[in-house]
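A.B. asks:
2 protein chains.
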Amino acid sequence: MKNYLKHHEWQIIEEGFDPHYNKISESVFSIGNGRMGQRANFEEDYSGDTLRGSYVAGVYYPDKTRVGWWKNGYPEYFAKVLNAPNWIGIHVSIDSQKLDLAKCKSENFKRVLDMRTGLLSRSFAATFADGKKVRVESRRFCSMAHGEIGAIRYSLTPLNFSSKATFSIYTDADVVNEDANYDEKFWEEVYKEASEGRALVTAQTKKTLYHVTTGIHYVIETEGRKVTFDRINVEKREKYAGNVVQMDLEEGKETVIYKYAAILSSENHPKGKLVEACHHVLNESVTAGFDKLFQEHARVWHHKWEECDITIEGDVAAQQGIRFNIFQLTQTYTGEDERLNIGPKGFTGEKYGGSTYWDTEAYCLPFYLGTAEQKVARNLLIYRYKHLQKAIENAGKLGFSNGAALYPMVTMNGEESHNEWEITFEEIHRNGAIAYAIFEYIRYTGDSQYMAEYGLEVLIAISRFWTQRANWSSHRNKYVILGVTGPNEYENNVNNNWYTNTIAVWTLEYALEGIELVRKDNPARLKEIFQTTSFEEGAEISKWKDIAEKMYYPEDKARGLFLQQDGFLDKELLKVTDLDPEDRPINQKWSWDRILRSCFIKQADVLQGLYFFEDKFDLSMIRENFDFYEPMTVHESSLSPCVHVILASKLGYKQKAYEFYLQTARLDLDDYNNDTEDGCHITSMAGTWLSVLKGFGGMRIKDGKLYFNPFLPEHWKSYSFRLEFRGRVIKVKVSKERVETILESGAPLEICLRDEIINLK
Amino acid sequence: MKNYLKHHEWQIIEEGFDPHYNKISESVFSIGNGRMGQRANFEEDYSGDTLRGSYVAGVYYPDKTRVGWWKNGYPEYFAKVLNAPNWIGIHVSIDSQKLDLAKCKSENFKRVLDMRTGLLSRSFAATFADGKKVRVESRRFCSMAHGEIGAIRYSLTPLNFSSKATFSIYTDADVVNEDANYDEKFWEEVYKEASEGRALVTAQTKKTLYHVTTGIHYVIETEGRKVTFDRINVEKREKYAGNVVQMDLEEGKETVIYKYAAILSSENHPKGKLVEACHHVLNESVTAGFDKLFQEHARVWHHKWEECDITIEGDVAAQQGIRFNIFQLTQTYTGEDERLNIGPKGFTGEKYGGSTYWDTEAYCLPFYLGTAEQKVARNLLIYRYKHLQKAIENAGKLGFSNGAALYPMVTMNGEESHNEWEITFEEIHRNGAIAYAIFEYIRYTGDSQYMAEYGLEVLIAISRFWTQRANWSSHRNKYVILGVTGPNEYENNVNNNWYTNTIAVWTLEYALEGIELVRKDNPARLKEIFQTTSFEEGAEISKWKDIAEKMYYPEDKARGLFLQQDGFLDKELLKVTDLDPEDRPINQKWSWDRILRSCFIKQADVLQGLYFFEDKFDLSMIRENFDFYEPMTVHESSLSPCVHVILASKLGYKQKAYEFYLQTARLDLDDYNNDTEDGCHITSMAGTWLSVLKGFGGMRIKDGKLYFNPFLPEHWKSYSFRLEFRGRVIKVKVSKERVETILESGAPLEICLRDEIINLK
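Protein sequences appear in the order of chains V and Z. Going by our numbering, the residue at position 100 of the first sequence is 482; the numbering climbs one at a time, nothing skipped. Going by our numbering, the residue at position 379 of the second sequence is 761; the numbering climbs one at a time, nothing skipped.
#1: If we define contact as Cβ-Cβ less than 8 Å, is R1136(Z) a contact residue for chain V?
#2: Enumerate, from N- to C-terminal direction, the unbroken beta strand (DSSP E) stretches of 3 or more residues contained entirely within the stretch 1045 to 1093 of chain V.
#3: Mind checking the stretch 938 to 963 of chain V against chain Z and listing, in chain order, the residues whose C-beta falls within less than 7 Å of any C-beta there?
#4: Return the CA-CA distance between M791(Z) and Q771(Z), expressed in angstroms with no decimal places.
#5: Does any residue of chain V have a CB that is nearer than 8 Å to the CB of K733(Z)?
#6: Does the contact criterion of 3 or more C-beta pairs under 8 Å hold for the stretch 501 to 511 of chain Z versus the stretch 566 to 584 of chain Z?
#7: Given a cut-off of 8 Å, decide if V1027(Z) and S1066(Z) are closer than it, judged by their beta-carbon atoms.
#8: Using C-beta distances below 6 Å, list every residue in its chain close to E678(Z), excluding the 5 sequence neighbours before and after it, in chain order.
#9: Where does W469(V) land, buried or exposed, given buried means 16+ other C-beta within 10 angstroms?
#10: Taking a Cβ distance cut-off of 7 Å, strictly less, list which residues of the stretch 792 to 804 of chain V are near chain Z, in chain order.
#11: With a threshold of 16 other CB atoms inside 10 Å of the CB of D431(Z), please say whether the residue is buried or exposed.
#12: Rounded to a whole number of angstroms, what is the C-alpha to C-alpha distance between I1064(V) and L1021(V)?
#13: Can you give me the Cβ contacts of D630(V) inside the same chain, cut-off strictly under 8 Å, excluding the 5 residues immediately before and after it?
#14: Tell me where the beta strand (DSSP E) around H769(V) begins and ends.
#15: Kindly examine the ligand ATP and report whether one of its heavy atoms sits closer than 7 Å to the Cβ of C524(Z).
#16: Buried or exposed: I1139(Z), going by 16 or more other Cβ atoms within 10 Å of its Cβ?
#17: Determine whether the Cβ of T882(V) lies closer than 8 Å to any Cβ atom of chain Z.
#18: Enumerate in chain order the residues of its own chain whose CB-to-CB distance from M1081(Z) is below 6 Å, with the five nearest sequence positions on each side excluded.
#19: Whose C-alpha, out of R966(V), Y892(V), N1007(V) and D903(V), is nearest the C-alpha of K939(V)?
#20: Taking 8 Å as the CB-CB cut-off, is G330(V) touching chain Z?
#21: Going along chain Z in order, which residues have a C-beta closer than 7 Å to the C-beta of D975(V)?
#22: Using a C-beta to C-beta distance shorter than 8 Å, which residues of chain Z count as neighbours of K453(V)?
#23: When you compare each of S412(V), P726(V) and F821(V) to A759(V) by their alpha carbons, which one comes out closest?
#24: For chain V, check one thing: does any of its Cβ atoms lie closer than 8 Å to the Cβ of L664(Z)?
#25: What residues in its chain sit with their C-beta under 6 Å from that of A643(V), if we drop five residues either side in the sequence?
#26: Take the Cβ of P1023(V) as the centre, count every other Cβ of all protein chains shown within 10 Å, and call the residue buried at 16 or more, exposed below.
#27: Are the stretch 623 to 640 of chain V and the stretch 678 to 697 of chain V in contact at 8 Å, needing three or more beta carbon pairs?
#28: Measure from the alpha carbon of L1051(Z) to the alpha carbon of each residue in E918(Z), Q710(Z), L780(Z) and R851(Z), then state which is nearest.
#29: Shorter than 8 Å from the beta carbon of Q970(V) to some beta carbon of chain B?
#30: Can you tell me whether P540(V) is buried or exposed, with buried defined as 16 or more other CB within 10 angstroms of its CB?
#31: Rounded to a whole number of angstroms, what is the C-alpha to C-alpha distance between S577(V) and K618(V)?
#32: Any beta carbon of chain V sitting closer than 8 Å to that of T742(Z)?
#33: Exposed or buried, what is F399(V) when buried is set at 16 or more other beta-carbons lying within 10 Å of its beta-carbon?
#34: In chain order, which alpha helix (DSSP H) runs of at least 4 residues are fully inside the stretch 699 to 753 of chain V?
#35: Run through DSSP, which three-state label would K953(Z) get?
#36: So, does the CB of V583(Z) fall closer than 8 Å to a CB anywhere in chain V?
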């Protein structure tokens, strides 16, 4: 855990430059706009430790799989988030000395991410070997108003000299992925041009053949006046284009480079029109200018915050933490493009490849439901609908047939990317989360049309998977599901994981409900779906009912426990408090077999099921299981604490709930797991929001009605949150004295606050 | 399955050259002598598909581990059998045309491996593009009499021309491993020299720093007269040294190149003396000459066959098969060097790396016990004794302490090489096989001194491992062993594998016996062992007894079944005959999860236990379990059929026994599993021998006495085998009419034949 960032309600602030923290800061101070993102790398050269990273949404590379031992069924390729062409770079030299913070002495270094406006600023004074000292200020943003525009204001002021400066302002597609399996470069040049003030490179990804055109245009001003040059060197080399200019800097006078970037991908433009479109975007940017672009950008952020802000009074660190999580989630996924999803690192790093995990459905969906217009969450669902055929093919590769679908563990384009058999082939509960997301979306929005339009087809395919995946045990006279990995990935290849069996049966039941819903609302569409899916109504429905009725669940009825899996009670049942702190985190200290046979739990597993299906269990059952499993849980997944906040809150374990909250809220800001340098834990950030809303706020939806059952953590004066709900914006403020519920916009609404019906107007 | 090799009692014969079979033949026709080995590559160039392989026993390379996803505890390096410098090569050109069977037309190609004398011969006529036709004959062997000598007689006879030939005769250390993880070359040059008639390269392995000096010396004769040259070009380049000579070939006259090779490793010579020693060996070889060297070599083979031959009358294919297996085993391991062991591919290929698996103890040991002098088997045991400290370190890396030892799954030097968690960390039954080998050795040889000298220390360390690895289940009131992979590797991470629990308890009991044996025979040594191992007699012994008494075994008592593991009966219990032949072999057709949750068994698991511990179970129990498990067994491991031959024989399932025998006896000759091109299945060859001896022959040792209970497979006229047993050689011949038992040498002996005591004199 680190503590080098200043606490501030709206800003992330780093003061003083410590190269050891640089890669962490590069992740934390990342900016993005849903279409692209950029780590907080320096514009000028930096020869120290850095992970230069720029990402364009949806542009990935299927890197050839690397394994030690091949298992039949592994995907040939692992889809990777692609490090994209560099648009921020400016080489700066003064009297042939490179500006490089690994070599110059720096003073008053300050890096600030203003979350309210999505602006990254940086300032410092650098002293060169010859004693020349220059003050540098940079500001940049990825426009939330125009998804293809990035803009930089980069200024230099000589503090103790007047001399010649050289600026090389460029775009460079000669970038690599740090995690490339075979040290391969993934980009090839298609086209480039460079003229005075402007440069542009179109690069193509190997195999996937995406084109990305990255254009830049710059304007240099000294003391507010545009500088003109007698001579500009146009620079072009492999995958690289730019300009080199020389000018005289005068002591005390500020020179500003405005660099505008247009990043366009063939996902949004015909390949043949990319260059033209790029020039167009650049022209518009230059015409508007940095300040106007920024105003438009800031305006969007202002609006976003109105929808999704959470305030916490009396705890600046907690306030900063929750805003940071909301900020990152909002700039990672805007919901405007149904082809996109939320990568585990968003636009802040490469690690884990792929863009989509079950995190999206299980953790992120409620955040977007609660903080953005309905189509945002809907697009997340449609993303999976569009991958249905691929999911059926994925299942086919594993031996399933008849339209059974297994959604991939990790994916970019619907194909499975991951290659650990115990995860890829066995962590099948993810399929249940895809179904659950349909339920959650309809429950929240009331958009039951979705079932007929898209939902039911997905539910049928997933139900078919469960039907084939379960087998009849003549020994038990029950259906069993063998050889799975549950949400707790510290168990592999177990039989009858309670959570998996539970969500499998729930899926079958929900699919049956779905059929009846569509039968009632839209019988013609039902007929169409049955035809498209070759659904054998009689046989399939009765099989689903049979499985739902005769599923086996491992339980210890005497103790009121649902068992995580068969044989769980054979383990040595220890508590986390029994562990030597030296042994933590166990995933770094213990060999894998030891972890597997221990009772220790990585993240909520039975408890994940109790969270999803809480209405099926009475409070004493939830308490019994929470009290049993929680002490064995090491929370070595960033997705774990939030479920525990929610259940602990429900059980009235307020202090515990608050402690879990602390583990999730500042995970990246404090580099809790010592891995933020690889990128931020974007998907788990949604868990922090869930912790406040469903945990402290006790927010639930039942029968179309909003319920709140809030409490105030001891250390806080108050907290408030806003919620988008069926066309309204509702604000809830919880303080020591009272709970305020305000309808900020939309039609009147009946809600329920601590068992009391309230009419909001 | 292929059928291109001719059936012959003593020879392996390939007629006609089919490039598709070349790599298979390169494996099958491999020669070796326990110190080194050589695939049946061509001496001259071959630009077609080939795996050039030469191997020097004990010289390995720790290649950096490659994984998809790192698991804590994986070894950093994977020890690989190292492809060693080429000593056979002769570049041949006639009028600047290379002799290369991928380019020349070949006629009358014949490759013969004479197993009786260990001689590889090859002959063919080759026609060049210009119509010149030459007859080539080569013979070579790796001397069984002098482990560092290889010799080649390579002759050319121009059939339709007289012209200039160029011979380049060389040694080359610029070789690569086909399975290198990072395409790295593992050898570096240390020294080279080349003079007229002789060349020599000393190469060093990276990291392990072995030196191998490969020297060659050649003599050229035409029509029996030594050819002298006016000019010889000495050739030296990186890692390569040789001579180039030109001479006139005359139509119809045979020119013979005698090439002698001396392959010396720093395992057997001081590094500084290797070159000198190499010259010495070369000098001796040249002085002796090819024919005398061959006579000495053949004499050793003659003697070996006297010890170990099995004859089968009435079935040439079976006769060839069993001799091929015996031949390969004998040339792979001679038992003269306790640092060596038996790699799964011997000297016939690189695959699987490492040299030592549990195959050695479970399958190979009985072969060497039965066919070679006692020290051969003893050296196999001492190999593991010498690795005890490493085995304790291996266990330490997985969290075990107090002198607990886990022998590695795959090793060269005692360190674990393998990196699949489900195997490396969980296939711990291997530890039991190491203990069982001690038992088997003492049972067979009567050398109970071994227990005090070496055995007990190993047993204590393994017992300590089992003690820590089992845990108390308060749920069952029994000890359990969780998270293991049994011999059936088509199950991973199961709980209470019956075989593992059984061999664990057996180890504890045998260690207790061992302590009492040493206490009686050599109390001073016992005290010493207790001191060396810090053995806490009271506490440890009572813990062992407690575990042995209270171990849990999964069973279905009603059906008389030992269950392969917890939950086995929850599977869909199908038979192999239920499978679509299209789905076979399942390990190539099914995804891993499907294999895991199916009931299908790769190789004997419960049955392996019944084989090892048959005296603990009555015949009806063995029958019940055999009848249950055998129909589910796909035998997709080459180690599987032999155990089934033995049990089927015991149960009187004669036809079944014969069918299983066929699966093992000609596995490589007929390329049954389509993978012989990678090398032969050396360790499983011992299973064929076991099948005849313990299966058809019904051979057992009880209380120091030999038992036979033979039957004759229907298709055979007779079979006979020889057995080394406690200083005697016993021959048993089984024919339709009778069973002959003959004491060929050694003191009189009482044996038991079908319940009848016979006194052999």
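Note that beta-carbon positions come from the ideal geometry of N, C-alpha and C, so glycine has one too. A quick note: this is a predicted structure, and the numbers were derived from the prediction, not measured.
C.D. replies: On the basis of the supplied data:
#1: no
#2: 1082 to 1084 and 1087 to 1090
#3: D948, G949, L951, D952, K953 and E954
#4: 15 Å
#5: no
#6: no
#7: no
#8: A527
#9: buried
#10: N801, E802 and W803
#11: exposed
#12: 10 Å
#13: S544, S545, K546 and A547
#14: Here H769(V) belongs to no beta strand (DSSP E), and DSSP marks it neither H nor E.
#15: The ligand ATP is not among the ligands present in this structure, which contains no ligands whatsoever.
#16: exposed
#17: no
#18: L1075 and F1090
#19: N1007(V)
#20: In this structure chain V extends from 383 to 1143, so residue 330(V) is not present and cannot be described.
#21: L780, W803, F807, E808 and G865
#22: S973 and W974
#23: F821(V)
#24: no
#25: W469, G532 and I598
#26: buried
#27: no
#28: Q710(Z)
#29: Among the chains of the structure shown, chain B does not appear; the protein chains present are V and Z.
#30: buried
#31: 10 Å
#32: no
#33: buried
#34: 747 to 753
#35: coil
#36: no
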